[in-house]
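So the structure is just underneath, and the comments pick up after that.
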Amino acid sequence: MDRLVALLPFVPYRFRPDRKPPYLRPWMVPQSLWGRNLRALLSKEDWDRIRKDAYARAGSRCRVCGGRGPKWPVEADEGWHYDDTTRVQTLKGVIALCPDCHAVRHWGKTTSAGKQDEALAWMMEVNGWTHAEASRCADDAMRQWHERSGYNDWRCDISWATTQYGVTPIQTGEAIAQDRNQSFVQKAREEYGSQSGNVSYIQHLLYE
Ligand SMILES: [Zn+2]
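With the first letter of the sequence shown counted as 1, position 92 gets the number 92 in the UniProt record's numbering; the numbers rise by one all the way through.
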């Protein structure tokens, strides 16, 4: 029994007896922080080392569902904590997720790409939820994203990476992050502009 307990950290969340749903839900990045991630702030070599370490620790299987994608098995997901009082986004770790679970986490990007129905179905499957439960969770996430995106003074703390891996942010990282932010916002505007739904989301992007 002790041996089985010792294996728990390797078991995908969905199958762990000590966890309860939701195992998977949207976790959206406020608009002013789009593009500000390890890919932008670190050298390619350092980012590759961190994400490949996450894949290796998970046996190239999704930490949430245990699955693998058809074209590539897993992608790296940065786990951010948000302090809504101090408005600091803090990196807590990097984990491997299959493309389907990753799409749920980045709900706004998935929605703007027109893949909302697939992502909603996957959230129902993984959490054992009804359509109404999954929809409510997605709506809550969107509302929370909207509130957080109303502020432009969010700061980003990646000391988890600098401490755990001894890496140093590159000097051009700040400029790269700002460039990416602008291009992501532009892309979202274009994609949403071609859709009829998500009116409040469009308004937020275009007019605030
Ligand atoms: Zn998965």
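Built from N, CA and C at the ideal position, the CB exists for glycine as well.
Asked, Found
"Assuming R136 and W27 are in contact, meaning their beta carbons sit under 8 Å apart, how far apart are those beta carbons, in whole angstroms?", "At roughly 16 Å, the Cβ-Cβ gap does not stay under 8 Å, so R136 and W27 are not in contact."
"Looking only at its own chain, which residues have a Cβ that is under 8 Å from the Cβ of R61, when we skip the five neighbours before and after it?", "P12, G67, R68, P73, V74, A96 and C98"
"For K92, which residues from the same chain have a beta carbon less than 8 Å from its beta carbon, with the 5 sequence-adjacent residues on both sides left out?", "G79, W80, H81 and W160"
"Cβ of D100 within 7 Å of any heavy atom in ligand 1?", "yes"
"Report yes or no: do the region 185-195 and the region 38-52 share at least 3 C-beta pairs separated by less than 8 Å?", "no"
"So A96 is in the beta strand (DSSP E); what residue range does that whole segment cover?", "V88 to L97"
"Is the beta carbon of W122 less than 8 Å from the beta carbon of D140?", "no"
"How big is the Cα-Cα spacing for G173 and K115?", "31 Å"
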